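> Take 2 as the starting number for the sequence shown in this note's numbering and just add one per residue. Note that CB positions come from ideal geometry on N, CA and C, so glycine has one too. Note that the structure is a prediction, hence the values are computed from the model and not measured.
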Amino acid sequence: MVAILTRGAFLKAAALASSLTISPSSPAVDFDLASGTQTGGVVGTAQPGPFPSVSSTVVGTIPSPLEDRQYAAAAAFVRREITRIVREENPSMAGSILRLSFHDATVRSVASDPSIGGADGSIRYELEWPENRGLAKPLAVVTSVYEEQLVRFSVPGSSPIEEENAPLPSCPLSFADTLALSGAAAVEAAEGPQIPVRLGRRDKEVADNRFLDRPIPGFTTMDQGPGDRASITSSLPSAGLDSLGLRNYFRRLGLTESELVALSGAHDLGRHVTLLGMRKDCLRDLTRACLEDAPVLWPFVTKDPDTLSNRYFATLLRWNKREIERGEASFIPTDVALVVDDGLKRHVVAFAKDEKLFFRRFRTAYQKLVDSTASSQSRF
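The following block contains the structure:
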């Protein structure tokens, strides 16, 4: 027989749980989905910077062994489904799903406290943002997987509570959990590293703010005033940020220079909208529908855009030396910023030489982005 908590009791328990913290120096536990065993590890902490940054501290409860098994079963299902979709139905979906997860996890619109926001599922209500064009299709894919796991893994007996007329959570995975897992699974399906992630996120049912509540100025040198390309005004990173702007943005999220460069390597996957082949009425108006259904999507790196490797970094270095052929790459300003700044370029060089190093840094960067809103200690 399954015991059912009243909603009031559940909320009291949740409030008590929220007062517990897991220290960033505590061992992190990875849950092996195949064997059902756990392995230990240590979560890294963010390097200090001039702006408030998100630490690796996770707020919440440590799940029971039963909850771990429920998480593991649902997580394994999500990973299998995303892998099947990417490998058997649409390889180009890997980059799109990863971008969807990234755009959900990086939005922290309170300038003074970047721990507010993050991977909370609010991307469902943010598709109208210009920065999120092209994300309707991957959102539909992830939503279908989320809805299927709701049906498969609902906890027996967790029906609505009549006395308060409100249902309890019936499944261990929220939409935010499903999306964080989907991004990780898409990377692995595209021949990238395996990325276990924490679970136990709560979904946000409204959009976050597109812009910061106050701008964070960037300075080009100690003697100059604010630089537009180094300043942060939007919740998502602008494609026009220079190297200092990239540092300012990702330092707030707890990422090191090496990790922000590694995360940029995601541009080895996927494509972006171009105007090639677009109808005349679309060229005139550039409506959202036209951008979503653009006939030509151009890859950042033309060769094999549906697998993740260190090819992006090697191509970027060749571009910097003017050694690439026309059409071989289509970089944006934030890509270029990585090789015109010596401090960032050294990481580009390192990753171009060592793909395993790139994969390790990418894994850590992704975990930092999505795990700040999770409550489980184990990763799945």
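Look up S145 in the DSSP assignment and say whether it is helix, strand or coil.
DSSP places S145 in helix when its eight states are reduced to three.
> Using only alpha-carbon positions, find the residue among V198, G184, L140, I117 that is nearest to D372.
Closest by alpha carbon: V198.
> Please look up how many angstroms separate the CB atoms of A75 and P173, rounded, as I've assumed it's under 8 Å.
Confirmed, Cβ separation roughly 5 Å.
> Label A141 either buried or exposed according to how many other C-beta atoms from any shown protein chain fall within 10 Å of its C-beta, with 16 as the threshold for buried.
Flag for A141 reads exposed.
> Exposed or buried, what is S113 when buried is set at 16 or more other beta-carbons lying within 10 Å of its beta-carbon?
Counting Cβ neighbours within 10 Å, S113 comes out exposed, since fewer than 16 surround it.
> Give the secondary structure of P216 by DSSP, where H, G and I count as helix, E and B as strand, and everything else as coil.
P216 falls in the strand class under three-state DSSP.
> For V198, which three-state DSSP category applies?
V198: coil per DSSP, three-state reduction.
> Let's see if you can read the secondary structure: which residues bound the alpha helix (DSSP H) around I98?
First-last of the alpha helix (DSSP H) with I98: 94 to 106.
> Since A177 and T374 are thought to touch, with beta carbons under 8 Å apart, how far apart are those beta carbons, to the nearest angstrom?
Between T374 and A177 the Cβ distance is about 7 Å, and since that is below 8 Å, they are a contact.
> The beta strand (DSSP E) that contains T234, what's its start and end?
Counting along the chain, the beta strand (DSSP E) containing T234 begins and ends at 233 to 235.
> Pairs of beta-carbons, one from the segment 81 to 90 and one from the segment 99 to 115, closer than 8 Å: are there three or more?
With a cut-off of 8 Å, the segment 99 to 115 and the segment 81 to 90 do not count as touching, because too few Cβ pairs lie within range.
> Where does S379 fall in DSSP's three states?
In this structure, S379 counts as strand in the three-state DSSP scheme.
> So what does DSSP say about V111, is it helix, strand or coil?
DSSP places V111 in coil when its eight states are reduced to three.
> Would a C-beta distance cut-off of 7 Å place D269 and R312 closer than the cut-off?
For D269 and R312, yes; Cβs fall inside 7 Å.
> To the nearest angstrom, report how far apart E260 and R380 are at their CA atoms.
When rounded, the distance between both Cα atoms is 20 Å.
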